[in-house]
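A.B. asks:
Protein chains: 2
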Amino acid sequence: MASKTYHHGALRQALIDETKAILAERGHDQFSLNEVARRLGVSSAAPYRHFTNREELLTAVATEGYDLLYRALQPAAGGTGDPRERLLRMGGAYVRFAHDHRELFMTMFHDRHGSTPLGGESFDLLIAAVAAAQQAKVLPGNASPELMARSVWAALHGLAELVLRRPGKRFGFDAPPEELAVTTLTTLLQLEP
Amino acid sequence: MASKTYHHGALRQALIDETKAILAERGHDQFSLNEVARRLGVSSAAPYRHFTNREELLTAVATEGYDLLYRALQPAAGGTGDPRERLLRMGGAYVRFAHDHRELFMTMFHDRHGSTPLGGESFDLLIAAVAAAQQAKVLPGNASPELMARSVWAALHGLAELVLRRPGKRFGFDAPPEELAVTTLTTLLQLEP
DNA sequence: ACCTGAACACCGTTCAAGT
DNA sequence: ACCTGAACACCGTTCAAGT
Numbered sequence: 001m002a003s004k005t006y007h008h009g010a011l012r013q014a015l016i017d018e019t020k021a022i023l024a025e026r027g028h029d030q031f032s033l034n035e036v037a038r039r040l041g042v043s044s045a046a047p048y049r050h051f052t053n054r055e056e057l058l059t060a061v062a063t064e065g066y067d068l069l070y071r072a073l074q075p076a077a078g079g080t081g082d083p084r085e086r087l088l089r090m091g092g093a094y095v096r097f098a099h100d101h102r103e104l105f106m107t108m109f110h111d112r113h114g115s116t117p118l119g120g121e122s123f124d125l126l127i128a129a130v131a132a133a134q135q136a137k138v139l140p141g142n143a144s145p146e147l148m149a150r151s152v153w154a155a156l157h158g159l160a161e162l163v164l165r166r167p168g169k170r171f172g173f174d175a176p177p178e179e180l181a182v183t184t185l186t187t188l189l190q191l192e193p
Numbered sequence: 001m002a003s004k005t006y007h008h009g010a011l012r013q014a015l016i017d018e019t020k021a022i023l024a025e026r027g028h029d030q031f032s033l034n035e036v037a038r039r040l041g042v043s044s045a046a047p048y049r050h051f052t053n054r055e056e057l058l059t060a061v062a063t064e065g066y067d068l069l070y071r072a073l074q075p076a077a078g079g080t081g082d083p084r085e086r087l088l089r090m091g092g093a094y095v096r097f098a099h100d101h102r103e104l105f106m107t108m109f110h111d112r113h114g115s116t117p118l119g120g121e122s123f124d125l126l127i128a129a130v131a132a133a134q135q136a137k138v139l140p141g142n143a144s145p146e147l148m149a150r151s152v153w154a155a156l157h158g159l160a161e162l163v164l165r166r167p168g169k170r171f172g173f174d175a176p177p178e179e180l181a182v183t184t185l186t187t188l189l190q191l192e193p
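Those protein sequence lines, which keep their order, are chains A and B.
Yeah, the first sequence ends on 193 if you go by our numbering, and it's all consecutive.
Yeah, the second sequence ends on 193 if you go by our numbering, and it's all consecutive.
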């Protein structure tokens, strides 16, 4: 299939893409560097021309994951309309992303890789949405937007993590992501409908 | 050191204990079944008389972890006194546990093992504390105790997870666990001092 | 500059054999 | 019943050598 010179300088990106494909199939802890190389038709030593080790490849994948998360949150955050709906849409998008990209999400937040952005740009979207909600008196203004955004992020992130654990019925985490996000945020923040 | 018959039927528990010791030293993804056996002076096949595979040993460790978490929450949950303080103490204890038992906590919530209790008994403690807070009008009564407890758990769990990622300064997750729990809960739930 | 081939120590797991 | 010894395929990583 692939000739010997197929990856003319593009092996680095091919490694990242193939890793994402494997993550979508198998679990992120089943991932093997040798398998990626095998599937791309290169030797098991080839990846080391582009990444110093297995961990650095996963860091690159996680970084693309943070970018993907940002682009999933953007449409939800960009809408005008009332600030309450905007905040709930963002929450739904966050939990939906975790649900739809299980293994990528776990790679982003569970794997031990060097310093990752940890969703810095996504966090800015949340701060803006929270600030707007505070100005519209949908959220209380006694906490700074940064602090409120951090707290909301914790709630959404914990929700996403617990959903991914697929717990038993008794905890009720088996509802659709958007519904869970709305229920959790309205309960905690006492948002009136 | 250890004679050949040292583990007279107690190898199972010794494997669990040694795994916990390794977790405290190294990371939970650095853990190797062979190393546990080596440190206990048994062959690498010996563990398979007590666990069908590596995953099942980690499940046993996680189960002990859930028990430890329960015992860490109990004193915080048991206190009489006002319901607001009780809820904040429980939150602090949860995040403190994650902080003090990093690798065990990750084993409990990140590793892919068979169905674990997921802190069912701990969840009951939280439901009781939430119900008491609702009756004292510290928390709103428009949501059921179960639903409110689930939401509070999500917030605390997300907080714990994000603390464990050791993010940069900008997110502010580098404060003491108890302080973070109090700040997050009071911000979200609008608890008055 | 980028990749191969062969090698290293290590891993999880199996299985016949020992007591 | 419980453990050993040896073996298997596989893994991450290194390095001299090829183009």
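Every residue gets a Cβ at the ideal spot worked out from N, C-alpha and C, and that includes glycine.
#1: Counting contacts by CB-CB distance shorter than 7 Å, is residue 4 (chain B) in contact with chain A?
#2: Give the single residue among B:60, B:183, B:17 whose Cα lies nearest to the Cα of residue 115 (chain B).
#3: Measure from the C-beta of residue 187 (chain A) to each C-beta in chain B and report whether the shortest distance is under 7 Å.
#4: Along the chain, where does the alpha helix (DSSP H) that runs through residue 110 (chain B) open and close?
#5: List the residues of chain B that residue 183 (chain A) touches, going by C-beta distances under 8 Å, in chain order.
#6: State yes or no: is the beta carbon of residue 112 (chain B) nearer than 7 Å to at least one beta carbon in chain A?
#7: For residue 175 (chain A), is the classification buried or exposed, using 16 other Cβ atoms within 10 angstroms of its Cβ as the cut-off for buried?
#8: Just the chain B side, please: which residues come within less than 7 Å of residue 102 (chain A) by C-beta, in chain order?
#9: Taking the alpha-carbon of residue 62 (chain B) as reference, which of B:34, B:171, B:23, B:84 has the nearest alpha-carbon?
#10: Considering just the uninterrupted stretch of the alpha helix (DSSP H) at residue 80 (chain B), what are its terminal residues?
#11: Please report the distance separating the alpha-carbon of residue 93 (chain A) from that of residue 109 (chain A).
#12: What residues of chain B sit near residue 47 (chain A), judged by a beta carbon separation below 7 Å?
#13: Using Cβ-Cβ distances below 7 Å, what residues of the region 71-102 of chain A are close to chain B?
#14: Give the residues from the region 127-146 of chain A that approach chain B closer than 9 Å (Cβ to any Cβ), ordered along the chain.
#15: Starting from residue 266 (chain A), trace the alpha helix (DSSP H) both ways and give me its first and last residue.
#16: Could you tell me if residue 103 (chain B) is buried or exposed, where buried requires 16 or more neighbouring beta carbons within 10 angstroms of its beta carbon?
#17: Just to make sure I have the definition right: I need the residues of chain A whose C-beta is within less than 9 Å of the C-beta of residue 123 (chain B). Which are they?
#18: CB residue 73 (chain A) to CB residue 151 (chain A), shorter than 7 Å?
#19: Since residue 156 (chain A) and residue 9 (chain B) are thought to touch, with beta carbons under 8 Å apart, how far apart are those beta carbons, to the nearest angstrom?
#20: With a threshold of 7 Å between beta-carbons, can residue 158 (chain B) be considered close to chain A, or not?
#21: What number of angstroms, rounded off, separates the C-alpha of residue 1 (chain B) from the C-alpha of residue 26 (chain B)?
#22: Starting from residue 151 (chain B), trace the alpha helix (DSSP H) in both directions and tell me its first and last residue.
#23: Can you give the Cα-Cα distance for residue 251 (chain A) and residue 160 (chain A), rounded to whole angstroms?
#24: Give every residue of the same chain whose Cβ lies closer than 7 Å to the Cβ of residue 58 (chain A), excluding the five residues on either side of it in the sequence, and list them in chain order.
#25: May I ask you to report which of helix, strand or coil DSSP gives residue 73 (chain B)?
#26: How many whole angstroms separate the CB atoms of residue 83 (chain A) and residue 136 (chain A), which I take to be in contact at a CB cut-off of 8 Å?
#27: Within 10 Å of its beta-carbon, does residue 143 (chain B) have 16 or more other beta-carbons around it, so buried, or fewer, so exposed?
#28: Counting contacts by CB-CB distance shorter than 7 Å, is residue 229 (chain B) in contact with chain A?
#29: Is the CB-CB distance between residue 118 (chain B) and residue 177 (chain A) below 7 Å?
#30: DSSP three-state call for residue 139 (chain A): helix, strand or coil?
#31: Looking at C-alpha atoms only, which residue of A:179, A:11, A:192 is the closest neighbour of residue 99 (chain A)?
#32: Is there at least one Cβ from chain B nearer than 7 Å to residue 167 (chain A)'s Cβ?
C.D. replies: Inspection of the coordinates gives the following:
#1: Confidence is the limiting factor: at residue 4 (chain B) the pLDDT is only 45, short of 50, which leaves the residue's position unreliable, though a coordinate-based value still follows. No, no contact with chain A.
#2: B:60
#3: yes
#4: DSSP places residue 110 (chain B) outside any alpha helix (DSSP H), giving it a letter other than H or E.
#5: 147, 151
#6: Under the Cβ criterion of 7 Å, residue 112 (chain B) is counted among the residues facing chain A.
#7: Its Cβ having fewer than 16 others within 10 Å, residue 175 (chain A) is exposed.
#8: None at all; the shortest Cβ gap to chain B is about 11 Å.
#9: B:23
#10: In the DSSP assignment, residue 80 (chain B) falls outside any alpha helix (DSSP H) and carries neither an H nor an E.
#11: Approximately 17 Å, taken between the alpha carbons.
#12: None at all; the shortest Cβ gap to chain B is about 19 Å.
#13: For the region 71-102 of chain A, the beta-carbon criterion of a distance under 7 Å to any beta-carbon of chain B is satisfied by none of its residues.
#14: 140, 142, 143, 146
#15: The question about residue 266 (chain A) has no answer here: the residues shown for chain A are numbered 1 through 193.
#16: Residue 103 (chain B) is buried by the Cβ-count criterion.
#17: 170, 171
#18: Between residue 73 (chain A) and residue 151 (chain A), the C-beta spacing is not below 7 Å.
#19: In fact, because the Cβ distance is near 48 Å, the residues do not count as touching under 8 Å.
#20: yes
#21: Any answer about residue 1 (chain B) is weak, because its pLDDT of 36 lies below 50 and its placement is not dependable; what the coordinates show is given next. Answer to the nearest angstrom: the Cα atoms are 24 Å apart.
#22: 145-164
#23: With chain A covering only 1 through 193, there is no way to say anything about residue 251 (chain A).
#24: 107, 111, 113
#25: Helix, per DSSP.
#26: 5 Å
#27: It counts as buried.
#28: Absent from the model: residue 229 (chain B). The displayed extent of chain B is 1 to 193, so no value can be given.
#29: Going by C-beta atoms, residue 118 (chain B) is not nearer than 7 Å to residue 177 (chain A).
#30: coil
#31: A:179
#32: It does: the Cβ of residue 167 (chain A) has a partner Cβ on chain B nearer than 7 Å.
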